[in-house]
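Residue numbers (full-length UniProt numbering): 1 to 385.
Glycine included, each C-beta is placed from N, C-alpha and C at the ideal position.
Before any comments, here is the structure.
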Ligand code: SOE
């Protein structure tokens, strides 16, 4: 077998996403042995030397850095993976692009559109491979949903509906800012559920159903003040705790989206449903290997919702895993993204969503926040190809 070409990874950030991405890099060589490229866990970076060393030992990184600029300056790093809070994405990505590194950036691309635009400009000017980790696209049932819609089985699409519900911030004692709770701080995160959770739903929606042209949104911040974990002061909360918006898609269908961190009992309930003139599909993250499908053209005596267990080798990604009937999990979306990224280096095709694609999601997020503030419909300016 020909020797593999190495892609030497420099990971920045050792939180939840640092772990999911590292797991992706580690699994790929075993399950995608045909790829020309293989990831090498060269260095991991985080500010605390002791903690980052423990992370390196646990995940098998060869070395550590405590300053991301030092990591980017290294000649033995080919690709920089950004897993740090949103307020650092732009600075790190622009420096990495200037240094000629490939970039894999955790979602959302940026805190806002202006930052995102600079990031897109930077990677395009540098001509470096880039991708954004919108991981749910690469769960087999979601990829299958995309393929079914693209095949035309649903006919004309009327409705796209998505929810992303959580309940972890109901307690007013949850602080804002700092490790683990930076998502609560508007300075670090850019927005609340809109950028953190609805961004996933928007990315999947536009991928499957095309561009979102205009939006009308309401947001709410239920707990108005929280202590800041870094300053220790009680400060106004600037993020949206909940957001509901409706919209038009370019194809004439209507969209309805809801996200909140105040839905008691829901930890990460991402659901989507698409209704077309002939057929409908729906999916639920809590039962992620299943895609439900209803086809009105079925003979009436057997017509009904089919529950498709997406575990067959003919279905997306499933030839890589076990045998039909045996499902996979949340973490596999990240494994698939690593594999697709490496494959894109072989083919020269972009690994979607690229920074440019993710900027379109950013445009919708920005229009949603502006709509809620101005209590008016907002055009998104999305250019979806
Ligand atoms: C927030 O709790 C969060 O971890 C998001 O940041 C992720 O993107 C989402 O996939 C799960 O929930």
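- Inter-residue distance for residue 234 and residue 222 is about 15 Å (C-alpha atoms, whole angstroms).
- Unbroken alpha helix (DSSP H) stretches of 4 residues or longer found wholly inside the region 221-270: none.
- If you ignore the 5 residues before and after residue 28, its C-beta comes within less than 8 Å of the C-beta of 35, 38, 39, 335, 338, 339, 342, all in its own chain and listed in chain order.
- Ligand 1 approaches residue 200 closely enough that one of its heavy atoms is under 7 Å from the residue's Cβ.
- The criterion of a C-beta distance shorter than 8 Å is not satisfied by residue 113 and residue 360.
- Around the beta carbon of residue 171, fewer than 16 other beta carbons lie within 10 angstroms, which makes this residue exposed.
- Exclusion of residue 249 from the 7 Å shell around ligand 1 follows from its C-beta lying no nearer than that to any non-hydrogen atom of the ligand.
- Listed as beta-bridge partners of residue 5 by DSSP are 37.
- Within 7 Å of the C-beta of residue 196 there is at least one heavy atom belonging to ligand 1.
- Taking each of 251, 183, 193 in turn and checking the Cα distance to residue 208, the smallest one comes out for 251.
- Taking the Cα of residue 354 as reference, the smallest distance to any Cα among 58, 294, 124 is reached at 124.
- For residue 187, the enclosing alpha helix (DSSP H) begins and ends at 186-189.
- Residue 58 sits exposed, since fewer than 16 C-beta atoms from the chains shown fall within 10 Å of its C-beta.
- In this structure residue 147 is exposed. Its beta-carbon is surrounded by fewer than 16 other beta-carbon atoms within 10 angstroms.
- The alpha helix (DSSP H) runs lying completely inside the region 37-124 and spanning 4 residues or more are 49-59, 68-73, 86-98, given in chain order.
- For ligand 1, no non-hydrogen atom lies closer than 7 Å to the CB of residue 162.
- DSSP assignment within the region 190-220 yields the following whole alpha helix (DSSP H) runs of 4 residues or more, N-terminal first: 199-209.
- Residue 272 has its alpha-carbon roughly 25 Å from the corresponding atom of residue 86.
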